[in-house]
Amino acid sequence: TVGAVALDKQGNLAAGTSTGGMTAKRWGRIGDAPIIGAGTFADNTSCAVSATGHGEYFIRYQVAADICARVKYQGKTIEQAGNEVINGVLNADAGEGGVIILDSKGNISMPFNSEGMYRASIDKNGKVSVQIYR
Amino acid sequence: NDIAIAIHGGAGTITRQSMTAEQEAAYRAKLEEAVKAGYARLQQGASSLEAVQTAINVMEDSELFNAGKGAVFTWDEIHELDASIMDGRTRAAGSVAGVTQIKNPINAARAVMEQSVHVMLSGSGADAFAREQGLDMVDNSYFDTPRRREALRKAKAKMIKNDHASLWQQHRDYKMG
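Structural data, given as structure tokens:
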């Protein structure tokens, strides 16, 4: 699965996710990637999220929307909200994966509970980061 | 206003031991290419939607990631792709699921969002919609890669072995009649 979140000069957020699903899937199985609120979510008043991981868990816990809801209604930072959902809610049920999160101030957070996650970012100061492992 | 972008290329059992130096370098280079392509669009004044689409297109066109070219195989040895996109300004959204002929599924998701009254289209209908929209269409074999075919072979072998093991467990007293 691949995904991206971005903040433009007009202050607008967007999120997108694209995937080939899981190896050897059958019966028209669909994961979280095309499910708005599960694998992808964006709202200028909170944040933009794209997810990757075990889709069945991300669907049931509405991971992307849950993170943004915690930011919007509980006033949490994207780092707090992402950590709570990925390392708390998701981890408690053995759901594995991660998310990239961006808020309307240009803050970036990329929490995951798996061994690694391919990820990269360019922050509001122009700093480039490319990471794979913990 | 500030601009920023973040991307991911999948998560899982990714360790230093599981990758050669060459493989790691290839992943790092492609991630950097993708994030810089999206960022360049933002610098030019493009929308966040454009930046997201641009960055994802780079990864969809790479064999390294499980999306677009390089997508994994289904049990029936084809590829079924999914994608979605959402605009934070309006909360407009579009997605496609189980498509088999769209070269860049994220482009189809955006077309659903902007050119239809729907949010999600699936299967052959979504492929037909993308074709009508003039998106790049490909034969399903375009997504094939030797690496993913080998992954399917291993997965099937493991699943069949596990099936046999569970059946054997259920019928371990078969000889008793």
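Line by line, the protein sequences are chains L and R.
Position one of the first sequence corresponds to residue 140 (the working numbering), numbered consecutively onward.
Position one of the second sequence corresponds to residue 29 (the working numbering), numbered consecutively onward.
Beta carbons are placed, not taken as given, at the ideal position from N, Cα and C, and that holds for glycine.
Inter-residue distance for Asp30 of chain R and Pro174 of chain R is about 42 Å (C-alpha atoms, whole angstroms). From the beta-carbon of Met165 of chain R, no residue of chain L is found nearer than 9 Å; the closest lies around 16 Å away.
Under DSSP, Leu146 of chain L forms a beta bridge with L:Leu152 and R:Ala32.
Membership of Met47 of chain R in any beta strand (DSSP E) is not indicated, and neither H nor E is assigned to it by DSSP.
Sequence-ordered contacts of the region 153-184 of chain R with chain L read Phe171, Arg176, Ala179, Leu180, Ala183 and Lys184 [C-beta pairs closer than 8 Å].
Inclusion of Ala136 of chain R and Ala158 of chain R in the CB contact set at 9 Å is warranted, their separation being smaller than that value. For Val63 of chain R, the CB contacts under 7 Å within the same chain, skipping 5 residues up- and downstream, are Ile33, Ile35 and Ala83 in chain order.
Nearest neighbour of Phe101 of chain R by Cα position, chosen from R:Lys189, R:Ala179 and R:Met187, turns out to be R:Ala179. Going by beta carbons, Thr140 of chain L and Gly155 of chain L fall outside the 9 Å limit.
Within the same chain, Gly38 and Val100 come within 7 Å of Asn94 of chain R by CB-CB distance, once the 5 residues on both sides are set aside.
Residue pairing from DSSP places Phe251 of chain L in a beta bridge opposite L:Gly237.
Boundaries of the alpha helix (DSSP H) around Ser152 of chain R: Gly151 to Glu160. Contact between the region 227-234 of chain L and the region 206-218 of chain L is not established, with fewer than three Cβ pairs separated by less than 8 Å. When Cβ-Cβ separations below 9 Å define contact, Ser144 of chain R makes no contact with chain L. Beta-bridge pairing by DSSP links Thr140 of chain L to no other residue. Judged by DSSP in its simplified three-state form, Ala172 of chain L adopts coil rather than helix or strand.
Judged by DSSP secondary structure, Tyr272 of chain L falls within the beta strand (DSSP E) whose first and last residues are Val267 to Tyr272. For Thr82 of chain R, the three-state secondary structure derived from DSSP is helix. Proximity to Ala181 of chain L across R:Met187, R:Gln81 and R:Gly116 peaks at R:Gly116, based on C-alpha coordinates. Interface flag for Lys131 of chain R against chain L is unset, since no Cβ pair is found closer than 9 Å. One Cα belongs to Ala143 of chain L, the other to Ser46 of chain R, and the distance between them is close to 25 Å. Under the Cβ criterion of 9 Å, Glu50 of chain R is not counted among the residues facing chain L. The C-alpha of Gly194 of chain L lies about 7 Å from the C-alpha of Ala172 of chain L. Listed along chain L, the residues sitting closer than 7 Å to Met87 of chain R by beta-carbon distance are Val141. Within chain R, no C-beta atom comes less than 7 Å from the C-beta of Tyr212 of chain L; the nearest is roughly 16 Å away. With contacts defined as CB atoms closer than 9 Å, Thr128 of chain R and Glu108 of chain R qualify as a contacting pair.
Burial is judged here by how many other beta carbons sit within 10 angstroms of a residue's own beta carbon; Glu88 of chain R has at least 16 and is buried.
Residues of chain R with a Cβ closer than 7 Å to the Cβ of Asp262 of chain L are, in chain order, Ala32.
Within chain L, not a single residue places a beta-carbon under 8 Å from that of His192 of chain R; the smallest gap is close to 16 Å.
Following the DSSP letters along the chain, one finds Ala204 of chain L in no beta strand (DSSP E) but inside the alpha helix (DSSP H) bounded by residues Val202 to Gln213.
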